[in-house]
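**Student:** Residue numbers for the sequence shown follow my numbering, so the first one is 1 and each next one is one higher.
The structure follows.
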Amino acid sequence: MITWHGRQQGVVSLSERKLRVEKPRLRKKGPGSGKEVLIPAYEAMVINSRLGSRILEILMKGVSTRNYNGLANNCYAIMAAVCFAA
Numbered sequence: 001m002i003t004w005h006g007r008q009q010g011v012v013s014l015s016e017r018k019l020r021v022e023k024p025r026l027r028k029k030g031p032g033s034g035k036e037v038l039i040p041a042y043e044a045m046v047i048n049s050r051l052g053s054r055i056l057e058i059l060m061k062g063v064s065t066r067n068y069n070g071l072a073n074n075c076y077a078i079m080a081a082v083c084f085a086a
């Protein structure tokens, strides 16, 4: 079981820009409890700026962040490629 454990300041890259974000802190309960759980999307953006560049490109084209079902699979594929390449 994973529970919310507060927030932490973080920074991600969007192309050449740095964006301050509040990252949720998640902890594992039960066996192995107390260990922080990493957030794959956040870690992918920290590790590789290509994902941030693609997200910025999508946002600058005016794609609504409330209606992104068609883009979700595309971004997930990019994120997966970045995560597994690292």
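Glycine residues also receive a C-beta, built at the ideal position from the N, C-alpha and C atoms.
How would you write the range of the beta strand (DSSP E) that V11 sits in, first residue to last?
**Tutor:** In the sequence shown, counting from the first residue as 1, residue 11 sits at position 11. Element bounds for V11: I2 to L14.
**Student:** Who are the near neighbours of M45 in its chain, counting only those whose CB is closer than 6 Å to its CB and skipping five residues on each side?
**Tutor:** Against the sequence shown, residue 45 aligns to sequence position 45. Closer than 6 Å at Cβ, skipping near neighbours: V12, L51 and G52.
**Student:** How about R25 and G6: are their beta carbons less than 7 Å apart?
**Tutor:** As a position in the sequence shown, residue 25 is number 25, starting the count at 1. As a position in the sequence shown, residue 6 is number 6, starting the count at 1. Yes, these two residues count as a Cβ contact at 7 Å.
**Student:** Out of T3, Q9 and R17, point me to the one whose CA is closest to R54's CA.
**Tutor:** The count along the sequence shown starts at 1 and reaches residue 54 at position 54. Taking only the C-alpha atoms, the option nearest R54 is R17.
**Student:** Return the residue from the list G30, W4, Y42 and L14 that minimises the CA-CA distance to L59.
**Tutor:** Against the sequence shown, residue 59 aligns to sequence position 59. When each option's Cα is compared against that of L59, the closest is L14.
**Student:** When you compare only the Cα positions, how much space is there between P31 and M1?
**Tutor:** As a position in the sequence shown, residue 31 is number 31, starting the count at 1. As a position in the sequence shown, residue 1 is number 1, starting the count at 1. Going by the C-alpha atoms only, they are around 9 Å apart.
**Student:** Nearest CA to the CA of T3: which residue from K28, Q9, I39 and G10?
**Tutor:** Here the question's residue 3 lines up with position 3 in the sequence shown. With distances taken between Cα atoms, T3 lies closest to K28.
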